[in-house]
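Residue numbers (the numbering used here): 7 to 156. Even glycine gets a Cβ: it sits at the ideal position worked out from N, Cα and C. Data first, discussion second: the structure below is written as C-alpha cells.
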Amino acid sequence: MDYDSVEEALYRLEVAKEHLERARGALKVKDYPACVGFSQLCIENAAKSVIALYRIPSWTHDPSAELREVIQEHQKEVSNKMGPPAIEKLSKLAQAAETLAPEHGRVSYGDIRERKPPKALYTEPNATGALQLAEISVIVAEEAVEYLSL
Numbered sequence: 007m008d009y010d011s012v013e014e015a016l017y018r019l020e021v022a023k024e025h026l027e028r029a030r031g032a033l034k035v036k037d038y039p040a041c042v043g044f045s046q047l048c049i050e051n052a053a054k055s056v057i058a059l060y061r062i063p064s065w066t067h068d069p070s071a072e073l074r075e076v077i078q079e080h081q082k083e084v085s086n087k088m089g090p091p092a093i094e095k096l097s098k099l100a101q102a103a104e105t106l107a108p109e110h111g112r113v114s115y116g117d118i119r120e121r122k123p124p125k126a127l128y129t130e131p132n133a134t135g136a137l138q139l140a141e142i143s144v145i146v147a148e149e150a151v152e153y154l155s156l
C-alpha cells in the first residue's frame with residue numbers, strides 16, 4: 007500500500023475528533039481520568055494529522071518534537087498557505103502534545119511511586135483544562151489539514 011499523506015492526515019483527524027467526543031462524554035459523567043486520557047489521545051492524533059502531511063508519523067504518545075521538526079522544515083510553506091500566525095498555532099499544538107503526553111500512562115496506571123490510582127490524580131479543573139487543549143488542538147489541526155493539503 008502506498009502512503010497517501012492526505013488520507014493519513016484525514017484519518018488521524020477523524021481519530022482525534024472521536025477521542026474529543028469521548029473526552030466530552032467523560033467530563034459529563036465526572037470521569038476525570040478518562041477525560042484527561044481521551045484529551046491526550048485527541049491531541050496526539052491532532053498533532054499526527056499535521057505531521058502526516060509531510061511524513062509518516064512515528065509511533066509515540068508525544069509527537070511534539072516531530073511536529074516541531076515539520077514546522078521548522080516547512081515554515082515557509084506553512085506561512086504561505088496558512089498565514090503567518092500558523093507557526094504560532096502549530097507550535098501551541100506541539101506544546102499541548104508535550105504537556106499531556108505524560109498523562110497517557112498516568113490515566114492507565116496512576117502514580118506508581120505515590121501509590122495513587124488514576125481517580126486520585128485528577129480533578130475537574132485538570133479535566134476541563136485538558137479538554138480545552140484538545141478542543142483547540144482539533145481546530146488547529148483541521149485548519150492545517152485543510153490548507154496544507156491543497
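Beta-bridge partners of residue i, as assigned by DSSP
i, result
"D117", "K122"
Closest by C-alpha distance to residue i, when choosing among the options
i, options, result
"R112", "Q46, L59, A150 and D8", "Q46"
"P131", "G89, G31 and C41", "C41"
"V146", "P124, Y128 and G89", "G89"
"K98", "T129, Q138 and T134", "Q138"
"V151", "K54, L33, H25 and Y9", "K54"
"E24", "E149, A140 and Y128", "A140"
"Q101", "P124, A32 and A136", "A136"
"L26", "E149, L154 and S143", "S143"
"D8", "F44, R61 and E75", "R61"
"D37", "E148, L154 and A133", "A133"
"K122", "P39, E94 and K34", "P39"
"I93", "N51, L154, D10 and G31", "L154"
"A107", "A71, R30, G31 and A32", "A71"
Exposed unless 16 or more other CB atoms sit within 10 angstroms - verdict on residue i
i, result
"Y115", "exposed"
"P91", "exposed"
"P63", "buried"
"L156", "exposed"
"V12", "exposed"
"K34", "exposed"
Beta carbon proximity, residue i to chain C, threshold 8 Å
i, result
"S55", "As a matter of chain content, chain C is missing from the structure shown, which is built from one protein chain."
Presumed contact (8 Å Cβ cut-off) between residue i and residue j, rounded CB distance
i, j, result
"D68", "A22", "Contact flag wrong, Cβ pair sits at about 15 Å."
"L73", "V56", "6 Å"
"A15", "A58", "4 Å"
"F44", "R28", "4 Å"
*asked:* Just to confirm the assignment: which complete beta strand (DSSP E) runs, minimum length 3, are found wholly within the stretch 61-105?
replied: Entirely contained in the stretch 61-105, not one beta strand (DSSP E) run reaches 3 residues.
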